[in-house]
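First comes the structure, then the notes that go with it.
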Amino acid sequence: GAIARLQRDAEATLEAYERGRAAAQETVYGATRREGKLLGSSPATTWRWNLLGARDDALDAPLAGRDDWIAQRGRKSARQLFRARFQGASEHRLQAYDDELELLGALEQVLPAGSAARRELLAASQKR
Numbered sequence: 097g098a099i100a101r102l103q104r105d106a107e108a109t110l111e112a113y114e115r116g117r118a119a120a121q122e123t124v125y126g127a128t129r130r131e132g133k134l135l136g137s138s139p140a141t142t143w144r145w146n147l148l149g150a151r152d153d154a155l156d157a158p159l160a161g162r163d164d165w166i167a168q169r170g171r172k173s174a175r176q177l178f179r180a181r182f183q184g185a186s187e188h189r190l191q192a193y194d195d196e197l198e199l200l201g202a203l204e205q206v207l208p209a210g211s212a213a214r215r216e217l218l219a220a221s222q223k224r
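Under our numbering, residues 97 to 224 are what the sequence shown spells out, in order.
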């Protein structure tokens, strides 16, 4: 009677929990995996410029030295595309680690050797 009913209820609750857990694991480890790298096929000069602040007057800015409408539009587009890459950062747990390593590697290439910012970045990445 009552014990059998409690057992059935407990089994049903456990099965529901297991289904929910399996669905959550699929989301974290499988379904959300993005194709390709975080920075994608963006030219290194574009992400370098963006990581350094995306200033219009930077020597490595897209269409550097120009201030016409086309150059302004090109730089605006480069900023938007770069930001869009980060909106596409993976929710896939393992890929998120890869994204982080890719970005840390890109930052390491951009920051001058021996700079305080580079030392801080390296210290922070070693703590992970």
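Just so you know, even glycine gets a beta-carbon here, dropped at the ideal spot from N, CA and C. From a predicted model like this one, the values you see are computed outputs, not experimental measurements.
Inter-residue distance for Ala202 and Asp153 is about 21 Å (C-alpha atoms, whole angstroms). Within a 10 Å sphere around the beta-carbon of Asp164 sit fewer than 16 other beta-carbons, which makes this residue exposed. Sixteen is the threshold: when 16 or more other Cβ atoms of the shown chains lie within 10 Å of the Cβ of Pro158, as they do, the residue is buried. Taking C-beta separations shorter than 7 Å and ignoring five residues to either side along the sequence, the partners of Thr128 in its chain run Ser186, Glu187, His188, following chain order. Straight across, the Cα-Cα distance linking Val206 with Gly170 is about 21 Å. Distance from Arg181 to Leu134 at the Cβ level is roughly 6 Å; contact confirmed, criterion being Cβ atoms closer than 8 Å.
The C-alpha of Gln103 is placed about 60 Å away from the C-alpha of Ala213. With fewer than 16 other CB atoms across the displayed protein chains lying within 10 angstroms of its CB, Asp156 is exposed.
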